[in-house]
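Written below as structure tokens is the structure these notes are about.
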Amino acid sequence: MSERGTTRRRFLTAAGSAAATAALAGCSSGGDETPDGGDETPDGGDGTPGGDGTATDRPEPETREGYLQRANLHVHEQAPWGFLNRQYSVYGQSDDIEWEPRVDERIAAYAIEPATDAGEDVTITQSQMDSGLDPQDHRETPTDNIVLQAYEGLLERDAEGTIVQKLATDYERLDETTVQFTVRDGVTFHEGESLVPDDVAYSINRIVDSEVGIESPQTDQLVGVDGASVASEDDRTVEVSLTGLNPIVFQSFATYCDVMNREWVEGNDDSYVNSNMNGTGPFALTSYEQGVAVEFERNEDYWDDPAAISTLTINAASESSTRVNRLLNDETDVAVNVPPQEVSRIDGNEGTSVSAVPSTRVLFTAMRYDAEPFDSPEFRRAINYAIDLESIIENVLQTFGDATGQPTLEGFFGYNSDVDPYPQDLERAEELVEESGYADAEITLVTPIGRYLRDVEIAQAVAGQVDELSNVSAEAEQQEFQTLVGQVTTGNIEDKPPWYLLGWGNATFDAIQTIQPLLATDGALTSYEDEELDRLLEEAQNLPSEEN
Amino acid sequence: MGYGRFLLKRSLQGVGVVWGVVTVVFMLRFITPGSPVDTVAPLDASQETRRRIAEELGVDQPIYVQYFDYLAGLLQGDMGYSYISSISASAQVFSKLPATLELAIAASIVAVVISIPLGVVSATRRHEPADYAATTFSLVGISTPNFWLGIMLVLVLSVEFGLFPTSGRAFGFADSVGAITGPAPFFEVTGAWLKSLALPAITLGTYFTALITRLTRSGMLDELGKGYVRATRAKGLPETLVRYKHVLRNTLVPVITVLGLQLGTLIGGAVITEAVFAWPGLGTEVINAINARDWPILQGSLIVIGVGFVVVNIVVDALYAYLDPRVMGE
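In structure tokens, the structure reads:
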């Protein structure tokens, strides 16, 4: 496996460099904007917390990363969210296999190696099956886990989130609005056709242009991509035109855009394409029982080394105890989404263990900037001071979570390492409530039921802690996830509950993919409007990423 | 009324009920909050993307257009396409039906085999230890939550002793039949099929067992006190014949009714058992479709369940009329 790792050229690192450039970006110049001692300073000095002020005495950032870090600091200070935690992905795993979970929640069986004789045939049990096998007609992890075994994109990510080449052997930016991919030679689809650049161009167009075939939910993931074309027939390159600079274009391509065979897609109807697979990946589909199980066998003609395991079955059980029972009874090798209360059963069993990694998902409580009492930044900060993140993580999540004080997670491009989560300080919170003029406010936190790990319990803890303030009373209200989705996606801020809990995954490892849709004025899911934040994001989007 | 006319009348009524079911199921979508677009579109989709998805799904048309399109499709056996997977709804629903039927029938068999003898014993040995044991058993059975019993059975019999698979359905009835002539080893396939079916059937059947035991017991006690029983005894018929030929036959009339109705309930209501055992049946399908607002699948499943109910009812009525011809006149 290590040999394979070294042959992949590491082109750019999405994670890890954030801390190094933080100082350069000038984010720490204010000295003590961190909430511990910072509340006095900003109130007096740099004018941020007023809601309308710009941080005039901070030097303007120079790089894209600097702007994103400044945006994170600004969001932290304006507190449009109660910042909660980074979620963990927790897996139960059999000792028959060797496997390290990935940060982005995807399970690539290519990385699984047999540890014992029983490990040649691997079974993975997740909570849900796929929403169809068309790799371009979905956008959620359970389906990703199934289609990525057979389909590949131009670029992908390794276990740490680094971008690696798959079906592209080279990629570069030709000018501001054009990028170019060189398509790998000698790759065949499972049904025997050779991969040609036209397949790649067709696949890109099928996502970004609904006229080409389907209404792909990945359109918004490749936002800013206009279309693709093949330069000339004997050429191996595909040119992709962009509507603007699009600094994260390669990150986007590393997340979605699986390559399909044009002839195969055009020759079959949607129902067929969704129940069969013809990709270039390390595993080929052998059987598909909709909603029940998907079976694969190793693709011996894979362009890279063939996978280490010979067969792969992915099935589903919605009950977590059923998934764990399967693992304990040796019926599966990986049980996905193990809840904290089941961890001890797996750890206590011989031949199984638990592996956990911080995921790319952040959990937060959003506060509407236009609704009383949340229209006051003081009140919003008071909520943050009232919450004891550490105790929620320890008691509700049993340590499978990390506290966060900004929308961007550690290791992501644009993360600001100088911003710490608000500490719990009830006295300060009560003072801020008085300052806001909303003393004795009664507020309700709306939470989805069972959508995120322990979501209801987290919301109850948050509401309970806020309720402890002498001048605010808070309670949690449960709502079915789909109903909440109906309210937050109408495009009108007024349709949203004033205070609600939501989670957001970001597989591009770039701050923009969280802040833009959720907090920018024109974001699809926003409950916040702020000119300074919009300005910072626009500046960031007009600069190339330092990393590509 | 002749038996044939009685059946015809019941069948025509059944068609009317099915049409009613289809209409109600179709209208449900319009009184349920939330749009199917919300499930299909990613959370951060633009309003333009949402509009195009609505157009693609056809949910932007007026209700009556959608209704007649749907009815026309149904008459041709087309239930539409899943909003989520784009797979034909009838293919998806009917692929789940065998698993559910197997489970419902197996649970009924478990129930009948245990409960009717128990009920008879308990009625004929009234106030004896056998009666108390049977009554206690049915009380415990009726008050045990299904999911708890299921989880306990799995923990003890599967995880602890490894006698049964914990969950899932490796093979079905069709695989077993296919294995008689096919290349697969028959006993292995059938064994695996029955093993995976055993625990869910016992779990689901237990509640049912308790109900039928009590029904058989009280029905039998009722009958035993009637005049015709004294008459048959007076004629000198052996007690076994009195109990099993005359009394039990009359007792079974209400039992069959309940059994039939419960079979319908089992088809639609085995949801919890199906979830505990990851049993790929219609119950799971319905719950997934509700969560995903996948209307074509939900409508298709409900229609299949509704038709199942109607058919079971007609069969029960037919049996009822056969056992007791007086009901035809009512």
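Protein sequence lines correspond, in order, to chains A and B. Be aware that the first sequence starts at 1, since it is given in the UniProt record's numbering, and climbs by one per residue. Be aware that the second sequence starts at 1, since it is given in the UniProt record's numbering, and climbs by one per residue. Built from N, CA and C at the ideal position, the CB exists for glycine as well.
- Contact between the region 349 to 367 of chain A and the region 393 to 412 of chain A is present: three or more C-beta pairs spanning the two stretches fall below 8 Å.
- If the five residues before and after Asn-337/A are omitted, its C-beta is found closer than 6 Å to the C-beta atoms of Ser-127, all from its own chain and listed in chain order.
- Any Cβ of chain A closer than 9 Å to the Cβ of Phe-277/B would place that residue at the interface, and such an atom is present.
- The beta carbon of Tyr-83/B is closer than 7 Å to those of Pro-36, Thr-39, Val-40, Leu-57, Asp-294, Trp-295, Pro-296 in its chain, skipping five residues each way along the sequence.
- Secondary structure note for Thr-444/A: its beta strand (DSSP E) is the uninterrupted segment 441 to 448.
- Assignment of Ile-112/A by DSSP, reduced to helix, strand and coil, places it in the coil class.
- With 16 or more other Cβ atoms from the protein chains shown falling within 10 Å of its own Cβ, Tyr-202/A counts as buried.
- In the structure shown, the three-state DSSP call for Ala-461/A is helix.
- The residue from Tyr-207/B, Lys-245/B, Ser-218/B, Ile-116/B with its alpha-carbon nearest to that of Ala-107/B is Tyr-207/B.
- Ser-196/B places its beta carbon less than 9 Å from that of Phe-171/B.
- The Cβ neighbour count for Ser-85/B, taken over all protein chains shown within 10 Å, is at least 16; the residue is labelled buried.
- Between the alpha carbons of Ala-150/A and Asp-455/A lies a gap of roughly 33 Å.
- Between Gly-213/A and Glu-266/A, the C-beta gap is smaller than 9 Å, which places the two residues in contact.
- CA-to-CA, the gap between Tyr-302/A and Ala-316/A works out to about 27 Å.
- Exclusion of the five residues before and after Val-488/A leaves Lys-496, Leu-525 as the residues of its chain whose Cβ lies within less than 6 Å of its Cβ.
- Look at Ile-202/B: its C-beta is not under 9 Å from any C-beta on chain A.
- Between Glu-494/A and Asp-370/A, the C-beta gap is smaller than 9 Å, which places the two residues in contact.
- When C-alpha distances from Glu-539/A are compared across Leu-519/A, Ile-512/A, Leu-445/A, Ala-386/A, the shortest belongs to Ile-512/A.
- According to DSSP, residue pairing for Arg-157/A in a beta bridge involves Ile-163/A.
- For Asp-347/A, the closest Cβ of chain B is not nearer than 9 Å.
- Here Leu-502/A carries a strand assignment [DSSP, helix/strand/coil].
- Per the C-alpha coordinates, the member of Glu-140/A, Leu-469/A, Ser-94/A, Gly-82/A positioned closest to Glu-442/A is Leu-469/A.
- In the structure shown, Asn-276/A falls within a coil segment according to DSSP collapsed to helix, strand and coil.
- In the three-state scheme derived from DSSP, where H, G and I count as helix and E and B as strand, Ala-184/B is classed as coil.
- Listed in chain order, the non-local C-beta contacts of Gly-503/A below 6 Å within the same chain comprise Arg-361, Leu-363, Tyr-452, local neighbours out to five positions each way being set aside.
- At the C-beta level, Leu-97/B and Leu-282/B come within 9 Å of one another.
- In this structure, Gln-478/A lies near Thr-447/A, with their beta-carbon atoms less than 9 Å apart.
- DSSP places Met-27/B in the uninterrupted alpha helix (DSSP H) bounded by 3 to 31.
- Neighbours of Ile-53/B across chain A, judged by C-beta separation under 7 Å: Glu-215.
- Nearest neighbour of Ala-168/A by Cα position, chosen from Leu-155/A, Pro-407/A, Val-259/A, Thr-483/A, turns out to be Leu-155/A.
- If you draw a straight line from the Cα of Gly-308/B to the Cα of Gln-93/A, it comes to about 41 Å.
- Taking a cut-off of 8 Å for Cβ pairs, the region 274 to 293 of chain A and the region 303 to 314 of chain A touch, as three or more such pairs fall below it.
- Buried is the label assigned to Met-220/B, since at least 16 other Cβ atoms lie within 10 Å of its Cβ.
- Interface residue (Cβ-Cβ distance to chain B less than 9 Å): Ser-321/A is classified as such.
- From the listed residues Asn-471/A, Asp-418/A, Phe-83/A, the smallest Cα separation to Ala-429/A is found for Asn-471/A.
- Contact of Ser-88/B with chain A by beta-carbon distance below 7 Å involves Ser-271.
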